[in-house]
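Trainee: First the structure, then my questions, so here it is.
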Amino acid sequence: MRFLLESRLVSNCLLPSGVSNVEIVDSAGNIKFRLSNDQVRQGTGRSTMICLFVFEAEGFEPASTLGVRELGKFLDALAFATCLKFQLERPLRLIDWSDGSFDREFDVFATEPGHEFPIQALTQPILATAQEIRESTVGTYLEQAIEWFSSGVAAARARDKYQLFFYALETIVSKDNLPKVNDVCQKCGSSLYCETCETHPSHKPFPRQKIETILLQYLELKDDARRARIFKLRNMLAHGDNLEVIERRLGCEIGDVLEDLAGVVRDQILVRVMGLSTNKGQSDRLSLLHIEGYAHLLFEARARVKSSAIPPDPDMLDRLALPTVNFIPPKSE
Numbered sequence: 094m095r096f097l098l099e100s101r102l103v104s105n106c107l108l109p110s111g112v113s114n115v116e117i118v119d120s121a122g123n124i125k126f127r128l129s130n131d132q133v134r135q136g137t138g139r140s141t142m143i144c145l146f147v148f149e150a151e152g153f154e155p156a157s158t159l160g161v162r163e164l165g166k167f168l169d170a171l172a173f174a175t176c177l178k179f180q181l182e183r184p185l186r187l188i189d190w191s192d193g194s195f196d197r198e199f200d201v202f203a204t205e206p207g208h209e210f211p212i213q214a215l216t217q218p219i220l221a222t223a224q225e226i227r228e229s230t231v232g233t234y235l236e237q238a239i240e241w242f243s244s245g246v247a248a249a250r251a252r253d254k255y256q257l258f259f260y261a262l263e264t265i266v267s268k269d270n271l272p273k274v275n276d277v278c279q280k281c282g283s284s285l286y287c288e289t290c291e292t293h294p295s296h297k298p299f300p301r302q303k304i305e306t307i308l309l310q311y312l313e314l315k316d317d318a319r320r321a322r323i324f325k326l327r328n329m330l331a332h333g334d335n336l337e338v339i340e341r342r343l344g345c346e347i348g349d350v351l352e353d354l355a356g357v358v359r360d361q362i363l364v365r366v367m368g369l370s371t372n373k374g375q376s377d378r379l380s381l382l383h384i385e386g387y388a389h390l391l392f393e394a395r396a397r398v399k400s401s402a403i404p405p406d407p408d409m410l411d412r413l414a415l416p417t418v419n420f421i422p423p424k425s426e
């Protein structure tokens with residue numbers, strides 16, 4: 094089946110004034126991508142575009158996943174070509190775009206982060222804790238680590254969160270002056286011996302070895318497999334594996350790794366700033382929020398609609414009625 098995914102993008106690069114749309118067509122002359130300006134807000138970072146993406150899929154369910162994933166890759170390429178932001182704000186409609194003129198079935202999307210957001214929990218004690226941490230880290234390397242952590246919390250994509258949290262961890266261990274360690278055999282892990290020098294060669298610990306040392310100190314990561322997957326994820330990302338492959342090989346969701354990694358970063362910053370550990374019950378005097386997961390979760394609703402009989406022509410899209418799908422907040426008890 095052929096589908097058309099209509100989406101709204103947020104971008105810092107729009108079409109020139111007077112240009113209605115730009116298109117990419119396939120070898121048969123069929124439209125594959127069409128971009129048009131939506132809301133132009135000069136002087137802001139919230140201008141939007143409408144993107145039409147035509148592709149093949151076996152049905153509505155696989156099409157909803159495939160369309161968003163492939164569109165994301167196209168937006169990454171646009172960002173590379175322009176050095177400007179192109180981000181998917183949300184999909185609008187997924188339409189059966191098969192040849193012929195008939196009543197079109199399509200899904201209408203509605204998304205939101207959940208009625209619990211924003212979390213109304215910013216209290217005076219939390220502000221006081223933030224100020225104490227700020228005053229204790231001014232001008233130190235931990236100031237940069239906290240900046241990496243903050244960027245990771247705000248990042249939209251899980252893989253970006255992971256990289257930023259890992260930068261924070263590397264920054265934390267950068268000043269650690271640990272004893273020298275022996276070179277080891279890559280196969281069995283035993284210390285190597287130099288027959289000429291009659292000694293075991295040693296060196297200052299590499300960043301990974303420093304990180305492994307503090308992971309062992311974190312009580313939540315006594316399990317070898319949980320520690321190992323922090324590094325496995327980094328290696329797989331560096332080799333270009335996609336998240337589906339990574340999660341299958343790790344046997345867990347990337348959000349589980351993010352929770353472990355962010356927990357270590359938070360704990361180490363508090364240990365180094367105040368001598369307090371979050372996982373040893375020593376931070377009770379501080380006011381800290383603890384969340385269940387660092388991966389962004391969105392609620393998504395889809396309504397299947399059948400509308401006017403139109404040919405597969407993007408210029409005819411206005412003839413398809415666009416109903417509004419809303420979430421109804423739960424009634425308070």
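Start counting the sequence shown at 94; every next residue gets the next number (the numbering used here).
Glycine included, every Cβ here is placed at the ideal spot set by N, Cα and C.
The structure presented is a predicted model; accordingly, all values stated were derived computationally and were not measured.
Among residues of its own chain, excluding the 5 on either side of R412, which ones have a beta-carbon nearer than 6 Å to its beta-carbon?
Mentor: Excluding sequence neighbours, R412 sits near S401, I403.
Trainee: Specify the secondary structure class of F202 as computed by DSSP and reduced to three states.
Mentor: Here F202 sits in strand by DSSP.
Trainee: Is the segment 349-357 close to the segment 301-312, with three or more CB pairs under 8 Å?
Mentor: Counting Cβ pairs under 8 Å, three or more are found: they touch.
Trainee: Beta carbon of I239, beta carbon of I362: below 8 Å?
Mentor: Contact flag set, yes.
Trainee: According to DSSP, which residues form a beta bridge with S104?
Mentor: S104 pairs with F179.
Trainee: Excluding five sequence neighbours on each side, which residues of the same chain lie with their C-beta closer than 6 Å to the C-beta of A261?
Mentor: A238, W241, F242, V358, listed in sequence order.
Trainee: In chain order, what residues of the same chain have a beta carbon less than 7 Å from the beta carbon of N130, not counting five sequence neighbours either side?
Mentor: Counting only Cβ-Cβ distances below 7 Å, and skipping sequence neighbours, we find L107, L108, M142.
Trainee: Return helix, strand or coil for I212, following the three-state DSSP convention.
Mentor: Three-state result, I212: coil.
Trainee: Quick check on P294: does DSSP put it in helix, strand or coil?
Mentor: It is coil, neither helix nor strand.
Trainee: Compute the Euclidean distance between the alpha carbons of A172 and R183, then round it to the nearest angstrom.
Mentor: Looking at the two C-alpha atoms, the distance is approximately 17 Å.
Trainee: Would you mind sorting S120 into buried or exposed? The rule is 16 or more other CB atoms within 10 Å of its CB.
Mentor: So S120 ends up on the exposed side.
Trainee: Rank F146, G136, H332, G122 by C-alpha distance to the C-alpha of R101 and give the top, closest one.
Mentor: Measuring from the Cα of R101, the nearest candidate turns out to be F146.
Trainee: May I have the straight-line CA-CA distance separating T175 from P405, to the nearest angstrom?
Mentor: So the alpha carbons of these two residues sit roughly 31 Å apart.
Trainee: Within 10 angstroms of its Cβ, does K373 collect 16 or more other Cβ (buried), or is it exposed?
Mentor: Confidence at K373 is low in this model, with a pLDDT of 49, below 50, so its placement is unreliable and no value can be given for it.
Trainee: With DSSP run on the structure shown, which of helix, strand or coil describes N419?
Mentor: N419: coil per DSSP, three-state reduction.
Trainee: In angstroms, rounded to a whole number, what distance separates the CA positions of D408 and L257?
Mentor: Their Cα atoms are separated by approximately 43 Å.
Trainee: Find out if the Cβ-Cβ distance for the pair L351, A249 is shorter than 8 Å.
Mentor: No, these two residues do not count as a Cβ contact at 8 Å.
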